[in-house]
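>
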Amino acid sequence: MAFSTVASVAGPPIRFVLGPWPAARSKEPNRFSGLQHPLLGSWLATAAAVAIRSHSRPQHVPPSRRERMLSRPETTYSRKTGRGKRSSGFFLASPTHPKNSTPVRRSPHASGLRDRLKQCHASQQLLDLLHDACMAGSADISVFSAAVQRCGQRHWWGPLQRVLDLQQKQTREIKPDIVHVSSVLHSLATCLRQKGRFAVVPARAQKALEVGRKAFDEGKNVVTTDHDFNILLSSTFKLCYQIADASSREWALEAWEWSSKQAFAKDRLTWQAYLSLSEHYGDVRLVDKLLTQGQSEGASWVRDPVALGSLLNAAANRSDAARAREIWDTFRLTGLRPNMICYAAYSKAHMLAGIPSKAVDILEEMERENVADMNSKLVVDCGQCLLIMYHSSPSELKQQRLLKFLARGDKIIEADERGNAKNEWRKIKKTANHLLADATALKLQDVLCEWKARTASLMKDWENFDAGTEYLKKTMRDR
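Sequential numbering of the sequence shown, starting at 11, is according to our numbering.
(1) Quick check on this structure: which residue in S269, W338 and E375 has the alpha carbon closest to the alpha carbon of L243?
(2) Please name the residue, chosen from V297, A417, H290 and K230, that lies closest to A265 on a Cα-to-Cα basis.
(3) Between S403 and E480, is the Cβ-Cβ spacing less than 9 Å?
(4) Helix, strand or coil for V381, going by three-state DSSP, please let me know.
(5) Would you mind reading off the limits of the alpha helix (DSSP H) that contains M350?
(6) Assess contact between the region 134-148 and the region 166-184, defined as three or more Cβ pairs (one per stretch) separated by less than 8 Å. Is contact present?
(7) Can you tell me whether DSSP reads K453 as helix, strand or coil?
(8) Would you report the Cα separation of S258 and A120, rounded to the nearest angstrom?
(9) Does D426 pass the burial test, meaning 16 or more other C-beta atoms within 10 Å, or should it be called exposed?
(10) Three or more C-beta pairs under 8 Å: does that hold for the region 416-434 against the region 376-393?
(11) Looking at the structure shown, is D476 part of a helix, part of a strand, or coil, going by DSSP?
(12) With the cut-off set at 9 Å, would you say L452 and G364 are in Cβ contact?
(13) Give me the Cβ distance between A218 and L249, rounded to the nearest whole Å; I'm assuming they're in contact under 8 Å.
(14) Taking DSSP's pairing of strands, which residues face V210 in a bridge?
(15) In chain order, what residues of the same chain lie with their CB nearer than 6 Å to the CB of A369, ignoring the 5 residues before and after it?
(16) To the nearest angstrom, report how far apart C459 and E473 are at their CA atoms.
(17) With 16 as the cutoff for other CB atoms within 10 Å, does P169 come out buried or exposed?
(18) Consult DSSP for H444 and reduce its assignment to one of helix, strand or coil.
(19) Determine the extent of the alpha helix (DSSP H) in which T302 is found, giving its start and end residues.
(20) Please state the DSSP three-state secondary structure of C395.
(21) Under DSSP, the alpha helix (DSSP H) around A254 begins and ends at which residues?
(22) For W435, does the three-state DSSP call read helix, strand or coil?
(23) For D150 and L287, I'd like the C-alpha separation in whole angstroms.
(24) My assumption, with CB atoms under 8 Å, is that L195 sits in contact with S245. Please give the rounded CB distance.
(25) Restricting to Cα atoms, I'd like to know which of R378, Y291, L343 and A466 is closest to T491.
(26) Between S386, C130, K421 and A442, which has its C-alpha nearest K408's C-alpha?
(27) Taking the CB atoms as reference points, tell me whether L346 and D298 lie closer together than 9 Å.
(28) Roughly how far, in whole angstroms, is the beta-carbon of A324 from the beta-carbon of Q282, given that I think they are within contact range, below 8 Å?
(29) Quick check on this structure: which residue in D471, S133, R182 and L322 has the alpha carbon closest to the alpha carbon of Q163?
(30) I need the straight-line Cα distance from A256 to H290, nearest angstrom please.
(31) Does the beta carbon of V194 fall short of 8 Å from some heavy atom of the ligand ADP?
(32) Helix, strand or coil: how does DSSP classify H47 here?
(33) If you compare alpha carbons, which of M350, G292 and I372 is closest to R333?
(34) Quick check on the burial criterion: 16 or more other C-beta atoms within 10 angstroms. Buried or exposed for R295?
(35) From what residue to what residue does the alpha helix (DSSP H) around L322 run?
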């Protein structure tokens, strides 16, 4: 979805293997270049993930999450994993190091079933497979984990509840392990929204809180190592981050209090997840205190681009550009080199705060510093910002800049596999063509095409300005 094993808001511990690079290749020198080496059989397990899952092939992982994993520097991966030297073509989400996992949980007889579950494109197909396995007595905990993970990947809320109910109804006892618990927490977090929608469904949030608390209590009973401990906490904080209400915050504080009484050591995975959650709730004093404490103690997570990216994203979600700049400056003073995810979140904070020109400047700096090229999601954000800038103050220079970027964006979007970015880009192009044909035809709310700008930015509550009124200058003066 995200750390000593680490990540952003990102996704679970993974072993990356041969797979296609995303359309936007990072140029960052410390990027994990081994991901495409054909002779490597064991890969570094990620640290950011807040969920551990059983073996998943690259095509099973959503493109955006896969790209986040590929964009992370090698130093944020905790260890090499895997038992064989051959290249198996897997992402590894459940650790196979004997000190960190229980090998018996993955019955070799269920390997084919787990793989079929991971490839289900219809929820009924998955439920039928799982039901048949239960009837045959071949469904161990790893099979239920695979089903839970697939529901999370496909955002199947109803089927996820049915899988969990089916697990509870098994006549023979199937004990959960930390892999299963974290899979449940992660999938609950990814299923809170309806497909194609961006708002959390309140009824789902309430149910996720109930199920998540129960899973957390089960997880506390199976934690035996520092690794298990940190996976449980980070998965819990990820779910609380997504629910984002008073009840989830109370739960997160309870979980933190419980963790402080345990003998296990917190790693960067836990610290970064808790920092992100605290920033998400606007508890900036606590975040600054923990950052200062971490810096004085020489903690590695305060010099981690994953931590920077997640904190920037939390500030961006509150449309707080000033806070984002404080976080950016704090981390840059440590000598940290931001990666694409950091730049994307920093730019997002300014777009949502109604400062599109600064948002564009940040993305251009990213490319100028050879950090990364824009991917399709950043193309959409940048296109939206340029559209607003032209609408506010039309000029020949802004028109040419917009047209040039639209032509470049077409090529990047065409090469990408993310359908949502393609849909957003079509809206931006249609609006741009309309605006360029008649600059007076559209008002501000008409040019807010990209979903974040339309539903989550400060601009959605602004006066519905006419084109050419230089409202961006006016709003900057008023702030």
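Using N, Cα and C, we set each Cβ at its ideal position, and we do this for glycine too.
On a predicted model such as this, the values are computed, not experimentally measured, just so you know.
Reading off the structure:
(1) S269
(2) K230
(3) yes
(4) coil
(5) M350 to L362
(6) yes
(7) strand
(8) 36 Å
(9) buried
(10) yes
(11) strand
(12) no
(13) 7 Å
(14) R203
(15) S357, H360, M361 and C395
(16) 17 Å
(17) buried
(18) helix
(19) V294 to S306
(20) helix
(21) Looking at the DSSP string, A254 is not in any alpha helix (DSSP H), and its letter there is neither H nor E.
(22) helix
(23) 33 Å
(24) 4 Å
(25) Residue 491 cannot be examined here, being either before or after the span of the chain that is shown, 11 to 489.
(26) A442
(27) no
(28) That pair is no contact at about 11 Å.
(29) S133
(30) 12 Å
(31) Among the components modelled here there is no ligand, and therefore nothing to report on the ligand ADP.
(32) Caution is warranted here: a pLDDT of 36 is assigned to H47, below 50, making its placement in the model unreliable, and the coordinate value is therefore given only provisionally. In this structure, H47 counts as coil in the three-state DSSP scheme.
(33) G292
(34) exposed
(35) P315 to N327
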